[in-house]
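Report on the following structure.
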Amino acid sequence: MFRYIVRRLLQMVLTFFGATFLLFALVFANQKDPIQALVGERPVTESQRTFLTERYHLDDGFFTQYWYYLKGVLTGDFGTSLTGRKIVDMMSDAWPVTLRLALIAIVIAATFSVSAGVYSAIKRGGIFDNVSLLLTLVLLAMPIVVIAPLFQLIFGIQLGWFPPTATRDATFWQLLLPAIVLACIVIAPEMRVTRTAVAENLRADYVRTARAKGLTRMRVIWVHVLRNSLIPVVTLIGVDLGGLMAGAIVTEHVFNIPGVGFNLARAIRTEDGPLVVGFVSILVILFLFINLLVDLMYAALDPRIRYE
Amino acid sequence: MDVLPGVDPRAPLLEVSDLHVEFRTGYGVAKAVNGANFWLSPGETLAILGESGCGKSVTAQAIMGILDTPPGYVTQGQIKYRGVDLLKMSENDRRKVRANRIAMIFQDALSALNPVYTVGFQLGELFRKHRGMSRGDAKKRAIDLLDQVKIPAAKARIDDYPHQFSGGMRQRVMIAMALALDPEVLIADEPTTALDVTVQAQIMGLLADLQRQRNMGLILITHDMGVVADVADRISVMYAGKVVEEAPVYDIYARPAHPYTRALLESIPRLDMKGQQLSVIRGLPPALTDVPKGCAFNPRCAYARDACRQDPAPPAYQVSHQPHRTARCHFFREVIGE
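From first to last, the protein sequence lines stand for chains A and B.
In short: position in the first sequence from 1, add 29, done, that's my numbering.
In short: position in the second sequence from 1, add 120, done, that's my numbering.
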């Protein structure tokens, strides 16, 4: 097990370098005149240009610049945004909000999709199964750019059940509707995968044994079947976190939540290169860690993986 | 466990009469069991013999009450345990009969054990859920059980997972699980089919020992005539969902009364037949959605006449009273007399 974790950590290091290298190369290739972009519409004097070139190492080659960037990332120095604020400060404001939002969304999505998935697997072909199939197909067909404003309009404004936008220090209550919107994009696949996995495991021989042991139906399903069925679901939840982050860009923008997605959306619109690179780098690291966590979860769920 | 209402300790241990099970599928109704009859006494071994698909496993599942419903339904008949009809019990009472009174061993222990829980957990679960024991006590009992089924170093292996055991050891775990709550009836559904021959003999030996110690009734479901000859007291031969012949093991091997039994015995390879062609039963068992009229065996039978091809199907004729033998063949005298 220990060797497995070490091996996975080494893989993560490689992936980290690969991903940040690509990210940096893309931003680098996209630059026409970074100094002009930095100061905006105003004219730039020759001395300012020399100073800024010096400061941002713009005369150095691509690899040297990448090296400076890496050094920054590893020492926690992400530089300054075009707005003049330290990127580290912006992150420490934005990340807690987004993490909370994502966590609420994951909990909603996982709870709902696992329980609904198990129920429709038990009652295969029943009303619940068919209705939920239809609903999940509808959800699946709607992109988040449609769901987010739609939910805001219906539940936030017309029905007034939830606050339609969030304030600076977003409360749980304010985050609930956006979290539901975020959950919507992952509920459909998670529920379908749970349903399939449970339906498949219900036919397994060990279920027959568990019933022959005189266990209650509840115990057979929630103890014996569920743990075997969770492996594909956990994988999916891990992968979905990436989707949630992407979805957060739209959702936070729509609901005016000052999180990572909100900042990223603005940074992309204003071509704020350092800000984009900074936030995405952290996203990459986060994504890598979540995937490591997912792999460790496998091992916890399935002993056959643990002992390989 | 709680005392079951109506259980009479003097009544026969297990009596199955006129059991019908059908599977309602999209392709039609498959009649898997069409009136199975047999009984079992304490300490006795009854072998249920038959080809794949003859309804022997379904019969076992119906007795245990673990048929997959839908598509499987018991449509008729009685399964009496000590005088109480299990089919008329509430699901909750029925559940308490399982493992406590009637337990079952399955064919392939690797797939029949849950891969993600330790052997100790799966054994201990029985004591915790049926006897209300603590985890610690349940674990001690589980270790005892592994000792009883002669798994070496039981204490060290209790926290292992099924895939870490060899095939024979896994089947021993399965046996331990079935015997945990001291059932009076044990149903073993092809317990040795997935094992190699030397291990088969060990497992059958272990089963026989444990049965003797506990005076348990054993129903051994198999298609292996060799296994049957060694351990069974009586045999019920099943074909297309019916018990076509029932007799003590010696009588059936010496003088079969049903053409199907006879054909089965003739298709066992013997050493003294070296160089000769092995006789086989031509054709296939009938599809259960479309069982032939009259005697279900008639299309494959060497003795078949017109009477065999017409309904009603042959009843269970009494072949002899002492010992008790029955056969569902109009011409059993002819078959037995040759």
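Note that the Cβ used here is the ideal one computed from N, Cα and C, for glycine as well.
In this text, all values refer to a predicted model and were calculated from it rather than measured experimentally.
Spatial neighbours of residue i within its chain, please: C-beta separation below 6 Å, excluding the five flanking residues on both sides.
i, result
"V149/B", "E142"
"A424/B", "N418"
"Q331/B", "L338"
"L293/A", "I278, F308"
"I186/A", "P193"
"H450/B", "A427, P434"
"D309/B", "S177, A180, F226, Q227, I341"
Use the C-beta contact count for residue i: other C-beta atoms within 10 angstroms, 16 or more gives buried, fewer gives exposed.
i, result
"H378/B", "buried"
"M121/B", "Low local confidence applies: a pLDDT of 47 at M121/B is under 50, so the model's placement there is unreliable, with the coordinate-based value given in what follows. Classification for M121/B: exposed."
"M393/B", "exposed"
"Q61/B", "Summary: the structure shown does not reach residue 61/B, with chain B confined to residues 121 through 458, and so no result is reported for it."
"L183/A", "In the sequence as displayed, the identity of residue 183/A is Ile instead of Leu. Exposed, by the Cβ-count rule."
"T280/A", "buried"
"T49/A", "buried"
"D301/A", "buried"
"P172/A", "exposed"
"I21/A", "What is shown of chain A runs 30 to 337, which leaves residue 21/A out entirely."
"R354/B", "buried"
Just the chain B side, please: which residues come within less than 7 Å of residue i by C-beta, in chain order?
i, result
"G243/A", "R215, K216, R218, A219, N220, H250"
Measuring alpha carbon to alpha carbon, tell me which of the options ends up nearest residue i.
i, options, result
"L340/B", "I168/B, D316/B, G163/B", "I168/B"
"K242/A", "G403/B, L243/B, L187/B, A422/B", "L243/B"
"M358/B", "F417/B, D213/B, V351/B, F451/B", "F417/B"
"V252/A", "V263/A, I266/A, V227/A", "V227/A"
"A217/A", "A195/A, R71/A, F141/A", "F141/A"
"P303/B", "D128/B, L133/B, G126/B, P125/B", "L133/B"
"L266/B", "A182/B, V293/B, A374/B, M336/B", "V293/B"
"V239/B", "R144/B, S231/B, P282/B", "P282/B"
"P125/A", "L231/A, I286/A, A138/A, I334/A", "I286/A"
"R202/B", "Q227/B, G170/B, E135/B, H250/B", "E135/B"
"A219/B", "G197/B, V411/B, R251/B, N234/B", "R251/B"
"I399/B", "L299/B, P405/B, R382/B, V127/B", "Looking at the sequence provided, one finds Ser at residue 399/B rather than Ile. It is R382/B."
"A232/B", "T196/A, R256/A, V249/A, D234/A", "D234/A"
"A185/B", "T165/B, K176/B, G173/B, E211/B", "Reading the sequence as shown, one finds Gly at residue 185/B and not Ala. The option with the nearest alpha carbon to G185/B is E211/B."
"A300/B", "V269/B, G287/B, D309/B", "V269/B"
"T446/B", "R255/B, L206/B, I372/B", "I372/B"
Got a sec: is the Cβ-Cβ distance from residue i to anything in chain B below 9 Å?
i, result
"Y235/A", "yes"
"H253/A", "yes"
"R256/A", "yes"
"P261/A", "no"
"R224/A", "no"
"T238/A", "yes"
"P332/A", "yes"
"R114/A", "no"
Give me, in chain order, the residues of the same chain whose beta-carbon lies closer than 8 Å to that of residue i; leave out the 5 immediate sequence neighbours on both sides.
i, result
"F452/B", "A377, H378, Y437, V439"
"P303/A", "F107, G108, T109, S110, L111, I116"
"I263/B", "G240, A274, K275, I278"
Report yes or no: is there a C-beta of chain A within less than 9 Å of the C-beta of residue i?
i, result
"I186/B", "yes"
"A459/B", "This structure does not reach residue 459/B, given that chain B is present from 121 up to 458, and the question cannot be answered."
"N335/B", "no"
"Q322/B", "no"
"V439/B", "no"
"D228/B", "yes"
"Q181/B", "yes"
"T189/B", "no"
"T145/B", "no"
"T312/B", "no"
"M294/B", "yes"
"G197/B", "no"
In chain B, which residues lie less than 9 Å from residue i when you measure between Cβ atoms?
i, result
"P193/A", "Simply none; closest approach about 45 Å."
"R248/A", "E245, K249"
Within a Cβ cutoff of 7 Å, which residues of the same chain sit near residue i, ignoring the five residues on either side of it in sequence?
i, result
"Q291/B", "A229, P311, L315, I323"
"H221/B", "The sequence shown places Arg at residue 221/B, not His. Taken in chain order, the residues that qualify are Y201, P303, E304, V305."
"R335/A", "M30, A328"
For a contact defined as C-beta to C-beta under 8 Å, what are the partners of residue i on chain A?
i, result
"S231/B", "A233, D234, Y235"
"P235/B", "Y235, N257, D331, P332, R333"
"M297/B", "T238, K242"
For a contact meaning CB atoms closer than 7 Å, what does residue i contact in chain A?
i, result
"Y281/B", "P332"
"L340/B", "Going along chain A, no residue has its Cβ under 7 Å from L340/B, so there is no contact; the nearest lies around 16 Å."
"V246/B", "It is worth fixing the name first, because residue 246/B is Leu in this sequence and not Val. Under the 7 Å cutoff, chain A gives K242."
For a contact meaning CB atoms closer than 9 Å, what does residue i contact in chain A?
i, result
"L266/B", "Near L266/B there are no residues of chain A at all, since even the closest Cβ is about 16 Å away, more than 9 Å."
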